[in-house]
Amino acid sequence: MSEKKELTCIGCPMGCQMEVTLENGVIKSIAGATCKKGELYAAKEVVDPRRIITSILPVDGGIYAMAPVKTATDIPKGDIRKCMECLKTIRIDAPVSIGQVIVADLGGTGVALIATRDIPKR
Amino acid sequence: MISKSLVIIGGGPAGLAAAIAAYDAGERDILVLERDCVLGGILNQCIHNGFGLHTFKEELTGPEYSARYVRKVEERKIEAKLDTMVIDLSNDRIVTAINETDGLFRIAAKAVILAMGCRERPRGALNIPGARPAGIFSAGTAQRFVNIEGYMPGREIVILGSGDIGLIMARRLTLEGAKVRMVCEIMPYSGGLKRNIVQCLDDYDIPLRLSHTVTKIHGKDRVEGVSVAAVDDNRMPIAGTEEFVSCDTLLLSVGLIPENELTRKAGVAINPKTQGAIVDESLETTIPGIFAAGNVLHVHDLVDHVSTEAELAGKNAVRFIRGLDKGSSAVAIETGFGVRYTVPSRVHPAAATAITTIRFRTDNVYRDSYLSVLLDDERVQHLKKRILTPGEMEEVLIPAKWLLTRPGLKKITILVEKE
Ligand SMILES: Cc1cc2nc3c(=O)[nH]c(=O)nc-3n(C[C@H](O)[C@H](O)[C@H](O)COP(=O)(O)OP(=O)(O)OC[C@H]3O[C@@H](n4cnc5c(N)ncnc54)[C@H](O)[C@@H]3O)c2cc1C
Ligand code: SF4
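Below, the structure written as structure tokens:
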């Protein structure tokens, strides 16, 4: 089965429009990239797109109402929704320190959720 | 009146990096004044990742990036006064500030670094017809609401302006459960980074309408929708293209302006293009001993550049305090075709470091063109560029030997050439 996917390279301001042709899930060709960097990006992005997710969690007893958090590494793009749903169920207590692990395995991705700011007690 | 060697106004990334660099250059009598209750500046509300790739070779979030500098300031025990608003600066470097504990106080400084950052353009500057219903926010205000206070500005959102803050907010609000209907951009290109267009809009199927603007805001008490229309080459709405888009919130991401009220009070000359101070290679303004760095000088897209620029200001402020003489003759840096502004706008050959970095933005998108540097009429650089866009700050590097080997040099011109 042959399939075409379009994407924009983020490697530089050129923003080349690329078209990747896949044959049974295997990359056959990449068209439209002006340089090698674009091809490498497309190859990865088409097969295994990943993103770091950042959000906020409510904090009890802190100087701020919310604590910013991020996934410790990038997670599969397809898992973003699921992870955001998990976040909705979490509340934390002050003090929070930067780098603190809030959840060891977020939504079964195997990736930890960590705090990105110190929130001292009120 | 208190005396200080170096007073830094603003405790964001620029102020902190300047303070650290000045300390590391040997200065100990430093005071940072910050009106907020914490150090770190605007990055505290920029919770997304992507900061510090250049400086730390890793991707940090805004609060993490700031925290690294705050820690360095604390390690060095550099004095910082929080909740302290600077209200006046004189041309002989008297800083007037106010806070609850000290009341109104004045400091005589040997050198001052301006690091007040920038603020968002208000809606007033835009003139969209319609009532003033609730539900209109600048993108940065919405960012503070969501990320610091945990309050959602609305459920159905249209964003006007495709600058980075607007793009980032499109993703933030989507992730938090809102529906972002579209991002409208009056220009035929986005001022935002490609990476943000892909990862904030494309990832979530949010449409980007280039050459489109909001022509009317509907609703009396609360926004009920906006009219969106295509614009022609002169950015005028095209009759008949208007379309009603229902939404309860309009976010404006229409640009940043350096925060220069104090700078003007001191009588520092301002560049009308950047709305920031006119500076030389040491980032010294037109008033001796007053330096500027970061977003107060010109709006940056990447905080990494803010930090390096501010380090330079910090070092040079210390050189000034120690009485370094830059020599009297300065070479003007002029903008040729395609270049909107440069920072700095003059350089003293006698004081220039091995390499002087000149940062600038182009006035339009240029493809397959050349970036050239002229020393008087002699072309010394002719660099092929696949693309130059106003959204990305560019730089050229001027080696000191170019200046020192040409004693009568009058001006350096940076320009874009077709061939
Ligand atoms: C809403 C918004 C979002 C942004 N998002 C991004 C982003 O995602 N990525 C990015 O790279 N850049 C972003 N920027 C640009 C960002 O501002 C810079 O990267 C960086 O934070 C600039 O550092 P700075 O120190 O020059 O300014 P700021 O961080 O703005 O710091 C200036 C400091 O000076 C203080 N101050 C101002 N006036 C006074 C006074 N009179 N007295 C005492 N203190 C004063 C302010 O309170 C503030 O803490 C954003 C800017 C804004 C406005
Ligand atoms: S393919 Fe190369 S030239 Fe094109 S956007 Fe990507 S990095 Fe830039």
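Quick note, the sequences are listed as chains A and B, same order. Position 111, counted from 1, in the first sequence is what my numbering calls 103; the numbers after and before it change by one each time, with no gaps. For any residue, its number in my numbering is found by taking its place in the second sequence, counting from 1, and adding 796. Glycine included, every Cβ here is placed at the ideal spot set by N, Cα and C. Nothing here was measured: the structure is a model prediction, and the numbers come from that model.
Is residue i helix, strand or coil by DSSP?
i: B:I1074; result: coil
i: B:E972; result: coil
i: B:Q939; result: helix
i: B:T1045; result: strand
i: B:N923; result: coil
i: B:K906; result: strand
i: B:V1050; result: coil
i: A:A35; result: helix
i: A:A10; result: According to the sequence shown, residue 10 of chain A is Met rather than Ala. Residue state, collapsed to three classes: strand.
i: B:K1069; result: coil
i: B:I993; result: helix
i: B:M797; result: coil
i: B:P809; result: helix
i: A:D40; result: coil
i: A:T46; result: strand
i: A:A107; result: strand
i: B:M978; result: strand
i: A:K(-4); result: strand
i: B:T1209; result: strand
i: B:A1062; result: helix
i: B:R1031; result: coil
i: B:K1214; result: coil
Could you check if residue i belongs to the surroundings of ligand 2, using beta carbon to heavy atom distance under 7 angstroms?
i: A:G3; result: yes
i: B:R928; result: no
i: B:G1090; result: no
i: A:K29; result: yes
i: A:T115; result: Look at the range of chain A in this structure, -7 to 114, and you will see that residue 115 of chain A is not part of it.
i: B:R1182; result: yes
i: A:G7; result: yes
Cβ-heavy atom distance between residue i and ligand 1 below 7 angstroms?
i: B:T880; result: yes
i: B:H1096; result: yes
i: B:Q995; result: no
i: B:C914; result: yes
i: B:L1058; result: yes
i: B:V908; result: no
i: B:P859; result: no
i: B:I961; result: yes
i: B:A1126; result: no
i: B:Q939; result: yes
i: B:R1155; result: no
i: B:E830; result: yes
From the DSSP output, read off the bridge partner residues of residue i.
i: B:G899; result: B:N895
i: B:Y1162; result: B:L1184
i: B:E1191; result: B:R1155
i: B:A930; result: B:R1018
i: B:E1177; result: Going by the sequence as given, residue 1177 of chain B is Gln instead of Glu. B:Q1177 is bridged to B:V1169.
i: B:P1203; result: BP columns for B:P1203 are empty, so no partner.
i: B:E945; result: In the DSSP output, where bridge partners are listed per residue, B:E945 has none listed.
i: B:H1008; result: B:A1026
i: A:D85; result: A:D52
i: B:A911; result: Paired residue(s): none; B:A911 is not in a bridge.
i: A:S21; result: A:T13
i: B:L1037; result: Here residue 1037 of chain B is Thr; the residue named in the question, Leu, does not match the sequence. In DSSP, B:T1037 forms no bridge with anything.
Pop quiz: residue i and residue j are said to be a contact at Cβ under 8 angstroms. What is the actual Cβ separation, rounded to whole angstroms?
i: B:S958; j: B:L1004; result: 6 angstroms
i: A:A34; j: A:C1; result: 7 angstroms
i: A:A86; j: B:E945; result: Rounded, the Cβ-Cβ distance is 16 angstroms, inconsistent with contact.
Which parts of the region 819 to 880 of chain B are runs of the alpha helix (DSSP H), unbroken and 4 residues or longer, counting only runs that do not cross its ends? Runs of the alpha helix (DSSP H) inside the region 819 to 880 of chain B: 849 to 852, 858 to 871.
What runs of the beta strand (DSSP E), each 3 residues or longer, lie entirely inside the region 1078 to 1136 of chain B? Within the region 1078 to 1136 of chain B, the complete beta strand (DSSP E) runs of at least 3 residues fall at 1086 to 1088, 1127 to 1131.
Go through the region 50 to 80 of chain A residue by residue and report every complete run of the beta strand (DSSP E) that reaches 3 residues or more, in order. Correct list: 58 to 63.
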